[in-house]
Structure formats: structure tokens, C-alpha cells
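If you want the working numbering, it's the position in the sequence shown, counting the first as 1, plus 290.
Don't be surprised by glycine CBs; every beta carbon is placed ideally from N, CA and C.
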Amino acid sequence: MKRRLWWLAVPALALAFAAGCGPAFSLFGLCTADDKTFDDGLLGVWKQVEDGKNEGSDATEWRFDKGEDGLSYDVTLSNYDSPKKGRILSSARLVRLGGFLFIDFEAPDGEKRGVTDAVMPALPAHCFGRITFDERQAHIALLDDSWIEKQVKAKTMPLAYLEGPNGRLVTAKTDELRKFALAHAEDKEIFGDKWDLVRKK
Numbered sequence: 291m292k293r294r295l296w297w298l299a300v301p302a303l304a305l306a307f308a309a310g311c312g313p314a315f316s317l318f319g320l321c322t323a324d325d326k327t328f329d330d331g332l333l334g335v336w337k338q339v340e341d342g343k344n345e346g347s348d349a350t351e352w353r354f355d356k357g358e359d360g361l362s363y364d365v366t367l368s369n370y371d372s373p374k375k376g377r378i379l380s381s382a383r384l385v386r387l388g389g390f391l392f393i394d395f396e397a398p399d400g401e402k403r404g405v406t407d408a409v410m411p412a413l414p415a416h417c418f419g420r421i422t423f424d425e426r427q428a429h430i431a432l433l434d435d436s437w438i439e440k441q442v443k444a445k446t447m448p449l450a451y452l453e454g455p456n457g458r459l460v461t462a463k464t465d466e467l468r469k470f471a472l473a474h475a476e477d478k479e480i481f482g483d484k485w486d487l488v489r490k491k
């Protein structure tokens, strides 16, 4: 089954995805001014795979370029065989917590990325999760909205959030998110929205 792509500007009046689908959106991210982690090994073009199998020419491509600040990545998701599907633009930072590496995606600066059209109103948001990569493969496991949904229904949700008409937005601040991420870094259900990539070039 094709994975649905995501966008990191959440409309202010309705969240972009139905509850329980894909990654969880957060008002705040993991990154702080003290985080300086950057790895050239993530730069380049990667092809998305499903269950370890290449999706062929229709596979989504992820491109990581170095941002102007030297610490962020300009991320572009696209399908070159189907240009009408458009592109997804994001900005990302690596965050090291303890012995674990995380990635924090956020809405990019549209002007710097050459965006001429925008949805209004929109609320910039984050998605974050674990990341591991080497010269050939990358694995991203984002905070899973289906896990959030289960906790909300069970009234055991450990993070502050707001419920919208079509979904929810985690509102816990950065310090709390960092503590949560480190404490649950190896939990494959919490960080269960998985994206597997293989290097193209």
C-alpha cells in the first residue's frame, strides 16, 4: 500500500490528517539553540521503499540538501514520474538525546524555498522521531498518531494536546518532548510511523 505523504503546515481550523493516520503533529519540536548536530552522510537523494522492497519508478524520492544555516536540511519529497502530484517541502534538524539520534521536521521558510502559493490560515508544526542511517540505508520512525489516539481514548495521554475537528495537535513544550523522546526512544509502538529509504545518489 502506498504511504500517504505529509505536510508540516497545519491549517488553523482543521488538522491536515484524520486522527490516527500517519505521524503525530506537534506545535513545538525537539531542537533547541544548543543542538549543533549535523551529518553530511544524510545529504543526497534517497528512494522510499516498502517492507524492504523498492517501489520502482513510482517510488517517492527524498532529497536532503544542506540548509543556509549549515545545521539544517532542506528536505524535498517528490515523484519525478508523476510531477502533477507536486512536491512536499520541509526543513529538518538532527537532535542527539543520550545515545539516540532523532530528526525534527518542521514547516520550511517558504520564501527561501521559492514557494509562491500558500494555504491560509496555517499553523507551522513539527513531526519528530528516531533516525538511523548509513551510506546505503536510512530508517525514520516518527511519533505515531495512532498511538496518540489510543492514549487519548484510554485517558492515559502523557503529553498535552489540543483536539481539532479532524485530528489533534500535541502542545507539550520542547523540554517535555525531549524528556519523553529520550525515555521512550526504543519503543517501536510510540515511534511507529516508519519510513525506510535506500540511497539513490
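Residue environment, residue i, which counts as buried when at least 16 other CB atoms sit within 10 Å
i           : result
residue 456 : exposed
residue 416 : buried
residue 398 : buried
residue 435 : buried
residue 426 : exposed
CB-CB length for residue i against residue j, believed under 8 Å
i           : j           : result
residue 382 : residue 420 : With 8 Å as the limit, residue 382 and residue 420 do not qualify as a contact, their Cβ atoms being about 13 Å apart.
residue 378 : residue 384 : Wrong, their Cβ atoms sit about 19 Å apart, outside the cutoff.
residue 322 : residue 464 : 6 Å
One or two residues paired with residue i in a DSSP bridge
i           : result
residue 419 : 393, 432
residue 320 : DSSP output for residue 320 lists no bridge partner at all.
residue 378 : 367
residue 355 : 364
residue 485 : 430
residue 398 : Answer by DSSP bridge pairing: none, since residue 398 is not bridged.
Residue i (DSSP reduced to helix, strand or coil)
i           : result
residue 332 : helix
residue 425 : coil
residue 349 : coil
residue 337 : strand
residue 443 : helix
residue 491 : coil
(request) Entirely within the region 448-480 and at least 3 residues each: give me those beta strand (DSSP E) ranges in chain order. (result) List check, beta strand (DSSP E) in window: 451-453, 458-460.
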